[in-house]
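Quick note on the working numbering: the sequence shown kicks off at 3 and runs consecutively.
Idealized CB from N, CA, C, for every residue including glycine.
Taking it in order: structure first as structure tokens, then the write-up.
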Amino acid sequence: MVLSVSKRDAQRSDQGQPGVQLKSYELLELREFERATDEAVAVKAVLGEPLAGIGNRDEALVPLVIVGYDQLKIEQILKDERRGFGALRPIAVVGLDVAGLSADILHLADVFLPPRPGKQDLLGVAHSLAVLSTHIDRLPRAPRDVSLTLLQFLYTRGRDVEPHVAPESPIAYRFPLAENLLECDTLECCSLLQDMASRGLLDTRHIDRLFVCPDCSSYRVPVKELCPECGSSHLDAEESIHHFRCGFVGPESEFAGKDEPSCPKCFQELRHIGVEYNRPGRFAVCRQCNYWATEPDLAAWCADCNTHHAPADLAVVQIDNYALAQGGTDVARRGRWTPQPVDNDRRIEPTVGAPTPRKLSDNDYSRELAFKVVELAQQSGRPMTIYKAVLNSGQGDKALADAREVLRGILRDSDVVVNTGEAEMLILLPAHDVADVPSAAHLEAEAEKRGAIDLRVTVVDGGHSPAGKIKQA
Ligand SMILES: [Zn+2]
Ligand SMILES: [Zn+2]
Ligand SMILES: [Zn+2]
């Protein structure tokens, strides 16, 4: 059985992608008593020989297969891997029974296989890892920015930040994935996630609402009944008696008599319930001071800081599931923030020898934007013509701005011009009727005529059917 936690993978597998194959991978075998594992033998037989080392490869793109039976060791490896430059790395764990997996392993690994996996399952894992690696490769990454890395993790996996019930946590829940990727504790993680949600990067879904100590934020705040008179918790519940004749109301123990109960106020015996007396309900009777009350005081007692609080004074903690919102998806795809990073102090420094992250110029972002627009157009199924326009006369911002200006004068309002290079633009012309679209030759001639601009316009994708896949080369 392959337990794949990536919805995206599952979708892709359904469509079948025979072109995507695992090119290379790293194998980490945790041997016990120096004995080789059957699982490592099986992995090599199906996935081929693993790399001897990462070398100068991009760590995030080389899938890791961890083979072993020691949950604690594997958990620690996963925690270490999901930090820094390799945080997005596709990781499979082979050899652990899925049923007993710890929350950290479940949240941090991508795919799991139990001991003695079959060939088909291993092929499935190879495919999942390869697809994930391809997907990660397409992203401009910013590994020093942990918040952005979290968004890209969710984006590449099609996953949510899910809270996990954890009695040891001060708020009774943990976020194993987010806490590890963001490198912070539960409370800090919680506020960071809420901050990202308030910026439209994440969508929240209600999971729970808890009350915690206003002093120390602990959820261990059992409610106690206290005597309103002396404050003791030494209370018992007792039935009460209401004597109609004299109007006295008190706990049953005060109506003790020889044979029949008798009223402690007027000393009459009580024989007939409903005629002489009734039982209006239970009382709280204090064994410390004998005070009794229909409603004892309620207090929330914090077991961590040993203080009492009125229940109304407890602080509220909202526990949510966080899914990638449109804003977060955009940031994940672009690999940068617009306009503001979530939290600049949370960037981590590159480790020694780590590859310098690819620096993106503004043109790269324009290209990304252009590809995004083209992709959206393709998804919408609307017919669209795409031209590439290369500037032969001059380069730089001024020349490009002039050319854009002239093109804007020729094109219709619905057409889009995006800079994709020093002297290159993409022109997107949506149209239901191809006859509406100006030809490439017409654009060249008009640019020459109106602005003396030497523009070479070529068809990237043309107009009859929804645009084909544009190459990112
Ligand atoms: Zn407390
Ligand atoms: Zn009392
Ligand atoms: Zn009485």
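### Query
The beta strand (DSSP E) spanning TYR389 covers which residue range?
Counting from 1 along the sequence shown, the entry for residue 389 is found at position 387. Its beta strand (DSSP E) spans residues 386-393.
#### Entry: Assigned secondary structure, GLU231 (DSSP; H/G/I helix, E/B strand, else coil)
For the purposes of this step, residue 231 is taken as residue 229 along the sequence shown, with counting starting at 1. Of the three classes helix, strand and coil, the one that applies to GLU231 here is coil, per DSSP.
### Task
Look at ALA168 and LEU212 and say whether their C-beta atoms are less than 8 Å apart.
Within the sequence shown, the letter at position 166 stands for residue 168. Within the sequence shown, the letter at position 210 stands for residue 212. Not a contact, by the Cβ cut-off of 8 Å.
#### Entry: Length of the line joining the Cα atoms of ALA356 and ALA144
Taking the sequence shown and counting its residues from 1, one reaches residue 356 at position 354. Taking the sequence shown and counting its residues from 1, one reaches residue 144 at position 142. Confidence in ALA356 is poor, its pLDDT being 29 and thus under 50, which makes the residue's placement unreliable; the coordinate value appears in the next sentence. Cα to Cα, ALA356 sits roughly 13 Å from ALA144.
### Query
Among residues of its own chain, excluding the 5 on either side of GLY55, which ones have a beta-carbon nearer than 7 Å to its beta-carbon?
Reading the sequence shown from its first residue, position 53 is the one you call residue 55. So no residue of the chain qualifies.
### Task
Indicate whether TYR324 and THR158 have their beta-carbon atoms separated by less than 8 Å.
Counting from one through the sequence shown, the residue named residue 324 turns up at place 322. Counting from one through the sequence shown, the residue named residue 158 turns up at place 156. Their beta carbons are not under 8 Å apart, which means TYR324 does not touch THR158 by this criterion.
### Message
Quick test of your reading: GLY337 and PRO142, contact by CB under 8 Å. State the CB separation rounded to the nearest angstrom.
### Response
The residue labelled residue 337 in the question sits at position 335 within the sequence shown. The residue labelled residue 142 in the question sits at position 140 within the sequence shown. Their Cβ separation, rounded to whole angstroms, is 3 Å, which keeps GLY337 and PRO142 in contact under 8 Å.
### Query
What is the DSSP secondary structure of ILE455, reduced to helix, strand or coil?
On the sequence shown, residue 455 is found 453 positions in, with the first residue counted as 1. Coil, per DSSP.
#### Entry: Runs of alpha helix (DSSP H) lying entirely within the stretch 55-130, each at least 4 residues, in chain order
73-83, 105-110
### Query
In or out: GLY57 buried (at least 16 other Cβ within 10 Å) or exposed?
Counted from its first residue, the sequence shown places residue 57 at position 55. Exposed.
### Message
I want to know whether the stretch 189-198 touches the stretch 259-269 - three or more CB-CB distances under 8 Å.
### Response
no
### Task
Determine the DSSP secondary structure at GLU164, reduced to helix, strand or coil.
Here residue 164 refers to the residue found at position 162 when the sequence shown is read from its first residue. In this structure, GLU164 counts as coil in the three-state DSSP scheme.
### Message
Assuming LEU29 and VAL45 are in contact, meaning their beta carbons sit under 8 Å apart, how far apart are those beta carbons, in whole angstroms?
### Response
As a working note, residue 29 is residue 27 in the sequence shown. As a working note, residue 45 is residue 43 in the sequence shown. Indeed they touch by this definition, with Cβ atoms about 6 Å apart.
### Task
Take every Cβ of the stretch 289-299, pair it with every Cβ of the stretch 274-281, and state whether three or more of those distances are shorter than 8 Å.
no
### Message
Looking at ligand 1, does it come within less than 7 Å of ASP197, judged from the CB to the closest heavy atom?
### Response
Counting from 1 along the sequence shown, the entry for residue 197 is found at position 195. For ligand 1, not one heavy atom lies less than 7 Å from the Cβ of ASP197.
#### Entry: Pairwise C-alpha distance: LEU108 and ARG33
In the sequence shown, residue 33 corresponds to position 31, counting from 1. In the sequence shown, residue 108 corresponds to position 106, counting from 1. Distance between the alpha carbons of ARG33 and LEU108 is about 22 Å.
#### Entry: Whole-number beta carbon distance between ASP123 and LEU115, since they are thought to touch under 8 Å
As a working note, residue 115 is residue 113 in the sequence shown. As a working note, residue 123 is residue 121 in the sequence shown. Right, their Cβ atoms sit about 6 Å apart.
### Message
Once the 5 residues before and after LEU153 are set aside, which same chain residues still bring their CB inside 7 Å of it?
### Response
In the sequence shown, counting from the first residue as 1, residue 153 sits at position 151. Once the five neighbours on either side are set aside, the close Cβ partners of LEU153 are LEU203, LEU326, GLY330, VAL333, ALA334.
#### Entry: Whole-angstrom C-beta distance between ALA317 and PRO224, which should lie under 8 Å
Your numbering for residue 224 matches position 222 in the sequence shown. Your numbering for residue 317 matches position 315 in the sequence shown. Their Cβ separation, rounded to whole angstroms, is 16 Å, which puts PRO224 and ALA317 out of contact at 8 Å.
### Task
Would you decide whether ASN394 is buried or exposed? Buried here means 16 or more other CB atoms lie within 10 Å of its CB.
Residue numbering aside, residue 394 sits at position 392 when the sequence shown is read from its first letter. Exposed, since its Cβ has fewer than 16 Cβ neighbours within 10 Å.
### Message
Taking 7 Å as the cut-off, is the C-beta of SER220 nearer than that to any heavy atom in ligand 1?
### Response
Position 218 of the sequence shown holds residue 220. Yes - ligand 1 has a heavy atom lying nearer than 7 Å to the Cβ of SER220.
### Task
Please find out if some non-hydrogen atom of ligand 2 comes closer than 7 Å to the beta-carbon of GLU1.
Residue 1 is absent from the model: the chain starts at 3 and stops at 475.
### Message
Please determine whether the Cβ atom of HIS245 lies at a distance below 7 Å from any heavy atom of ligand 3.
### Response
As a working note, residue 245 is residue 243 in the sequence shown. It does: the Cβ of HIS245 is within 7 Å (strictly closer) of some heavy atom of ligand 3.
### Query
Where does SER264 sit, in a helix, a strand or coil, going by DSSP?
In the sequence shown, counting from the first residue as 1, residue 264 sits at position 262. Three-state result, SER264: strand.
### Message
To the nearest angstrom, how far is the alpha carbon of ASN346 from that of VAL408?
### Response
Position 344 of the sequence shown, counted from the first residue, corresponds to residue 346. Position 406 of the sequence shown, counted from the first residue, corresponds to residue 408. Because ASN346 carries a pLDDT of 44, less than 50, the predicted location of this residue cannot be relied on, and the following value inherits that uncertainty. Roughly 40 Å between the two C-alpha positions.
### Message
With a threshold of 6 Å on Cβ separation, who are the neighbours of ARG349 within its own chain once the five nearest residues in sequence on each side are excluded?
### Response
Against the sequence shown, residue 349 aligns to sequence position 347. Any reading at ARG349 needs caution, since the residue's pLDDT is 44, under 50, leaving its predicted position unreliable; the model's value is listed next. Taken in chain order, the residues that qualify are ARG146, ASP147.
### Message
Between SER234 and ligand 2, is there a pair consisting of the residue's CB and a ligand heavy atom that are separated by less than 7 Å?
### Response
Position 232 of the sequence shown, counted from the first residue, corresponds to residue 234. Result yes, Cβ under 7 Å from ligand 2.
#### Entry: Short Cβ contact (8 Å threshold) for LEU412 with VAL462
Here residue 412 is taken as the residue at index 410 of the sequence shown, counted from 1. Here residue 462 is taken as the residue at index 460 of the sequence shown, counted from 1. According to the sequence provided, residue 412 is Ile. The question's Leu does not apply to it. Against a cut-off of 8 Å, the Cβ pair of VAL462 and ILE412 comes out as no contact.
#### Entry: Helix, strand or coil at LYS25 [DSSP, three-state]
Taking the first residue of the sequence shown as 1, we reach residue 25 at position 23. Coil, per DSSP.
### Task
Give every residue of the same chain whose Cβ lies closer than 6 Å to the Cβ of ASP456, excluding the five residues on either side of it in the sequence, and list them in chain order.
As a position in the sequence shown, residue 456 is number 454, starting the count at 1. Within the same chain, ASP456 has close Cβ partners ASN394, SER395.
#### Entry: CB-CB length for LYS390 against LEU428, believed under 8 Å
One-based indexing of the sequence shown puts residue 390 at position 388. One-based indexing of the sequence shown puts residue 428 at position 426. That belief holds up - the Cβ atoms of LYS390 and LEU428 are roughly 6 Å apart, short of 8 Å.
### Message
Using C-beta distances below 6 Å, list every residue in its chain close to ALA42, excluding the 5 sequence neighbours before and after it, in chain order.
### Response
Locating residue 42 in the sequence shown gives position 40, where the first residue counts as 1. If we look at ALA42 and ignore the five residues flanking it on each side, its Cβ neighbours are GLU31, VAL69.
#### Entry: Own chain, CB closer than 6 Å to GLU426, minus 5 neighbours either side, in chain order
By one-based count along the sequence shown, residue 426 stands at place 424. Same-chain partners within the cutoff: VAL392.
### Query
Thinking C-beta only, is LEU228 closer than 8 Å to SER234?
Along the sequence shown, read from residue 1 onward, the residue named residue 234 stands at position 232. Along the sequence shown, read from residue 1 onward, the residue named residue 228 stands at position 226. Yes, the Cβ-Cβ distance between SER234 and LEU228 is below 8 Å.
### Task
Tell me, to the nearest whole angstrom, how far the beta carbon of ASP322 is from that of ILE209; I am working on the premise that it is less than 8 Å.
On the sequence shown, residue 322 is found 320 positions in, with the first residue counted as 1. On the sequence shown, residue 209 is found 207 positions in, with the first residue counted as 1. With 8 Å as the limit, ASP322 and ILE209 qualify as a contact, their Cβ atoms being about 6 Å apart.
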